[in-house]
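K.L.:
Note that the protein sequences, when read in sequence, are chains A and B.
Each number in the working numbering corresponds to the 1-based position in the first sequence with 411 added.
Each number in the working numbering corresponds to the 1-based position in the second sequence with 411 added.
Number of protein chains: 2
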Amino acid sequence: MITRPEMSISTVERDTGLGKDTLRVWERRYGFPQPARDHNGERVYPAEQVERLRLIKRLIDQGHRPGKLFAASETELAALCSPCVAIKECDPEPEEKLVRQTMRLVKAHDVPALRQALSQAMMRMGLQSFVLDVVVPLNQAVGEAWMNGEFAVFEEHLYTEQMKSLLRQAIGSLPPGGGQPRILLTTVPEEQHVLGLLMAEVLLVLDGATCISLGTQTPLFDIQMAALAHRADIVAVSFSGAFPLRQVLPLLSQLRQLLPAPVELWVGGAGAQRAAAPCGISMLASLQAAVDALAAWRKNRRGCD
Amino acid sequence: MITRPEMSISTVERDTGLGKDTLRVWERRYGFPQPARDHNGERVYPAEQVERLRLIKRLIDQGHRPGKLFAASETELAALCSPCVAIKECDPEPEEKLVRQTMRLVKAHDVPALRQALSQAMMRMGLQSFVLDVVVPLNQAVGEAWMNGEFAVFEEHLYTEQMKSLLRQAIGSLPPGGGQPRILLTTVPEEQHVLGLLMAEVLLVLDGATCISLGTQTPLFDIQMAALAHRADIVAVSFSGAFPLRQVLPLLSQLRQLLPAPVELWVGGAGAQRAAAPCGISMLASLQAAVDALAAWRKNRRGCD
DNA sequence: CGCTATTTCTGTCCAGGACAAATTGGTCTG
DNA sequence: CAGACCAATTTGTCCTGGACAGAAATAGCG
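#1: Show which residues of chain A have a CB atom less than 9 Å away from the CB atom of residue 587 (chain B).
#2: Could you work out which residues of chain B lie near residue 416 (chain A), taking near to mean beta carbons separated by less than 9 Å?
#3: Check residue 380 (chain B) in the structure and name its three-state DSSP category.
#4: Nearest to residue 469 (chain B) by alpha carbon, out of B:457, B:557, B:586?
#5: Does the beta carbon of residue 636 (chain A) sit closer than 9 Å to a beta carbon anywhere in chain B?
#6: Where do the N-terminal and C-terminal ends of the alpha helix (DSSP H) with residue 536 (chain A) fall, by residue?
#7: Tell me where the beta strand (DSSP E) around residue 621 (chain A) begins and ends.
#8: Would a check of beta-carbon distances place residue 626 (chain A) closer than 9 Å to chain B?
#9: Please confirm if residue 513 (chain A) has its CB atom under 9 Å from at least one CB of chain B.
#10: Just confirm the distance between the C-beta atoms of residue 538 (chain A) and residue 574 (chain A), as a whole number of angstroms; I'd bet it's less than 8 Å.
#11: Listing by chain order, which chain A residues have their CB less than 7 Å from the CB of residue 571 (chain B)?
#12: Say whether chain B places a C-beta atom closer than 9 Å to the C-beta of residue 555 (chain A).
#13: Answer yes or no: does any C-beta atom of chain A fall closer than 9 Å to that of residue 601 (chain B)?
#14: Would you kindly check if the distance between the Cβ of residue 417 (chain B) and the Cβ of residue 456 (chain B) is under 9 Å?
#15: Let's test the definition: count the other Cβ atoms within 10 Å of the Cβ of residue 534 (chain B) and tell me whether it reaches 16, buried, or not, exposed.
#16: Would you be able to state if there are at least three C-beta pairs under 8 Å between the region 672-684 of chain A and the region 649-661 of chain A?
#17: What are the start and end residues of each continuous beta strand (DSSP E) run of 3 or more residues lying completely inside the region 672-702 of chain A, in chain order?
#18: On a CA-only basis, which of A:423, A:564, A:622, A:434 is nearest residue 590 (chain A)? Give me that one, please.
#19: In chain A, what lies closer than 7 Å to residue 583 (chain B) by C-beta?
#20: Could you check if residue 550 (chain B) is buried or exposed, using at least 16 other CB atoms within 10 Å of its CB as the buried criterion?
#21: Near residue 440 (chain B), what residues of its chain come up, given a Cβ to Cβ distance below 6 Å and the 5 sequence neighbours on each side ignored?
#22: Select from the region 609-624 of chain B all residues with a C-beta closer than 7 Å to any C-beta belonging to chain A, and list them in chain order.
#23: Between residue 413 (chain B) and chain A, is any beta-carbon pair separated by less than 9 Å?
#24: Output needed for residue 635 (chain B): all residues of its chain with C-beta closer than 7 Å, excluding positions within five of it in sequence on either side, in chain order.
#25: State yes or no: is the C-beta of residue 707 (chain B) within less than 9 Å of the C-beta of residue 615 (chain B)?
#26: Whose Cβ in chain B lies nearer than 8 Å to the Cβ of residue 472 (chain A)?
#27: Helix, strand or coil: which one does DSSP assign to residue 440 (chain B)?
#28: What does residue 456 (chain A) pair with, by DSSP beta-bridge criteria?
#29: Under 8 Å by Cβ, that's how I've got residue 444 (chain B) and residue 425 (chain A) pegged, so tell me the actual separation to the nearest angstrom.
#30: Within 8 Å, do at least three Cβ pairs link the region 650-666 of chain B to the region 569-583 of chain A?
This is the structure:
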């Protein structure tokens, strides 16, 4: 039997990523959410309101304004489900078939088949093509499916976990490569999505760079120390689409200031595509851009030395 | 040049894991921390106070009372550095040597050598012994080193990342194993440490169980849905030592209530060792206990069927 | 000494006010 | 009409200070 427990304000904060203050001020200003109160006067959020909050959060992270969102009620669904479905229709390539098959397997919870299908495709297509032509659109498709409610959170987790495992294994099987440049990969605190980092690492190692990955959520100060300790030529950080856009630029400026001038700062991920690049920071709009940037670095460096 | 930026209250919250409310109430009650104020009257924490807060948090998570901690000043250091150093002295086993070597390599930031040393040891000792006799004490040693300030955060990240990579690769190279029981592995929201889960997965897969990992931070409700969708016999969650002890039991009770009665709930990790087990929940004090529990499950199940 | 009742400790919640940064919209000028 | 500049609005976060429940510690008693 499935029960939907009611949630306290801190549980909702954890679950939606919206701060307590924000939740309270929305209630005060917009009249939503409107939680019940327990015997002690504390807010108790019904599951359906939390669901809606998650949706709203996602849309806000995409650039919508809260004021507009709280006005509409059914229109939201339209604004939500619509994006770029049309593009897919006219794309019956083999990669597209693989994407759809993968989605089906995730939905069917068939882990062995999922694993095998992805692994096989990777072998067949080669790593670079697999990452660029399959993993990228797949991530996007999974993200959209989650937003539409077609995927539950645990299904997205399942996919992510399998893909992480696969990419890590691929990286491990590559020659360690002690070549130039030395690239430090990580994310800032609060950003826990690592898939983009892994994809980048695959491509960069394939091109002979030395990658040192610190995983996610390294404090800025420690990124600085790590860059020095590992004599990194480049520090690469990634922001997912879910990362609050407002915080991106201040964080990058601070990090840029912390790093020595000769160390380049590369920024990738969906969050990077929506922010303007301050001086001294390379915003990479795609993974291909990262590969290009690597080539450019080498060309430039050869000229300098 | 290394600069130590001053932090806003939300930065400190991110960095220390202490809530804004807690920080403010500590200031009000204990007089620490005592941040400066910016032109707008907002708190600005010096880096040294944040450092101290991190330490205090760690000690509180270990069971110390805040009231005592705020009283002492130099005595803390003693209470901090002391634990179980003595035990190490009388343990010149080969595993112990490997642990120390690994610590040295992390400290030297020598990624290739670190990778090779761990990989070699894994091959030589075999997976099970490697996990039980090397990874477990190594994790503990790294944790302690971090607490003592011997390791920086980024060094701990580096170690964790390498170990995750290694264990994942090991799991990938094992036969996928479609045997009984089917075990769903994950952590609750807020708990982002995955190493314990990976270690458990290695041992359980080695013993022929089918493991489905959802990675970290799955909402309870989704754990429930995943358990049903994957027809799990067992749900295993892990709590690190850094997880607020107070929240463990309520979360477990709620999860236990969500899961069907025949599905067992196993709890591991340092956080599990310090909590009493409610009815219907198995607290596993060690990884060995997990292996034993697996054997017990099989014995019990054979009797039932 | 073991067990219960009371007190202290401690984290989290609440209300409602304030403010700065970002966005929007309007107006004026070239 | 494009673009620059200023005003109004929106919006997230911070603040104070009070309250309270549950855990831990202490006291009291059989």
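All C-beta atoms, glycine included, are put in the ideal place defined by N, C-alpha and C.
Note that the structure is predicted; figures quoted are calculated from it, not measured.
P.N.:
This is what the structure holds:
#1: For the purposes of this step, residue 587 (chain B) is taken as residue 176 along the second sequence, with counting starting at 1. In chain order: 522, 523, 526, 527.
#2: Numbered from its first residue, the first sequence carries residue 416 (chain A) at position 5. Under the 9 Å cutoff, chain B gives 631, 632, 665, 668, 669.
#3: Given a span of 412 to 716 for chain B in the structure shown, any question on residue 380 (chain B) remains unanswerable.
#4: Start at 1 with the first residue of the second sequence, and residue 469 (chain B) comes out as number 58. Answer by Cα proximity: B:557.
#5: Position 225 of the first sequence, counted from the first residue, corresponds to residue 636 (chain A). Yes, residue 636 (chain A) lies at the interface with chain B (some Cβ there is under 9 Å from its Cβ).
#6: In the first sequence, counting from the first residue as 1, residue 536 (chain A) sits at position 125. 522-536 is the extent of the alpha helix (DSSP H) around residue 536 (chain A).
#7: The residue labelled residue 621 (chain A) in the question sits at position 210 within the first sequence. Counting along the chain, the beta strand (DSSP E) containing residue 621 (chain A) begins and ends at 621-624.
#8: To locate residue 626 (chain A), count along the first sequence from 1; it is residue 215. Interface residue, yes.
#9: Residue numbering aside, residue 513 (chain A) sits at position 102 when the first sequence is read from its first letter. With 9 Å as the cut-off, residue 513 (chain A) does not count as an interface residue toward chain B.
#10: The residue you call residue 538 (chain A) lines up with position 127 of the first sequence. The residue you call residue 574 (chain A) lines up with position 163 of the first sequence. In fact, because the Cβ distance is near 13 Å, the residues do not count as touching under 8 Å.
#11: Position 160 of the second sequence, counting from 1, holds the residue named residue 571 (chain B). Simply 626.
#12: Here residue 555 (chain A) refers to the residue found at position 144 when the first sequence is read from its first residue. Residue 555 (chain A) does not count as touching chain B.
#13: Position 190 of the second sequence, counted from the first residue, corresponds to residue 601 (chain B). Closer than 9 Å to some Cβ of chain A, the Cβ of residue 601 (chain B) qualifies, so yes.
#14: On the second sequence, residue 456 (chain B) is found 45 positions in, with the first residue counted as 1. On the second sequence, residue 417 (chain B) is found 6 positions in, with the first residue counted as 1. In contact: residue 456 (chain B) and residue 417 (chain B) (Cβ atoms closer than 9 Å).
#15: Within the second sequence, the letter at position 123 stands for residue 534 (chain B). When all chains shown are included, residue 534 (chain B) counts as exposed.
#16: yes
#17: 675-679, 692-694
#18: Against the first sequence, residue 590 (chain A) aligns to sequence position 179. Checked all of A:423, A:564, A:622, A:434; the closest Cα to residue 590 (chain A) is A:622.
#19: What you label residue 583 (chain B) is simply residue 172 of the second sequence in a count that begins at 1. Residues of chain A passing the Cβ test: 576, 580.
#20: The count along the second sequence starts at 1 and reaches residue 550 (chain B) at position 139. Label assigned to residue 550 (chain B): buried.
#21: Position 29 of the second sequence holds residue 440 (chain B). Nothing listed; no residue qualifies.
#22: 623, 624
#23: Translated into the one-based positions of the second sequence, residue 413 (chain B) becomes position 2. For residue 413 (chain B), the predicted model reports a pLDDT of 45, less than 50, meaning its position is unreliable and no value from the coordinates is stated.
#24: As a first step, residue 635 (chain B) must be located in the second sequence, where it is residue number 224. These residues qualify, in order along the chain: 669, 670.
#25: The residue labelled residue 707 (chain B) in the question sits at position 296 within the second sequence. The residue labelled residue 615 (chain B) in the question sits at position 204 within the second sequence. Against a cut-off of 9 Å, the Cβ pair of residue 615 (chain B) and residue 707 (chain B) comes out as no contact.
#26: Against the first sequence, residue 472 (chain A) aligns to sequence position 61. Chain B residues near residue 472 (chain A): none, gap ~17 Å exceeds 8 Å.
#27: The sequence position of residue 440 (chain B) within the second sequence is 29, counting from 1. Residue 440 (chain B): helix per DSSP, three-state reduction.
#28: By one-based count along the first sequence, residue 456 (chain A) stands at place 45. In the DSSP output, where bridge partners are listed per residue, residue 456 (chain A) has A:418.
#29: Stepping through the second sequence from its first residue, residue 444 (chain B) is reached at position 33. Stepping through the first sequence from its first residue, residue 425 (chain A) is reached at position 14. Actually they do not touch by this definition, with Cβ atoms about 24 Å apart.
#30: no
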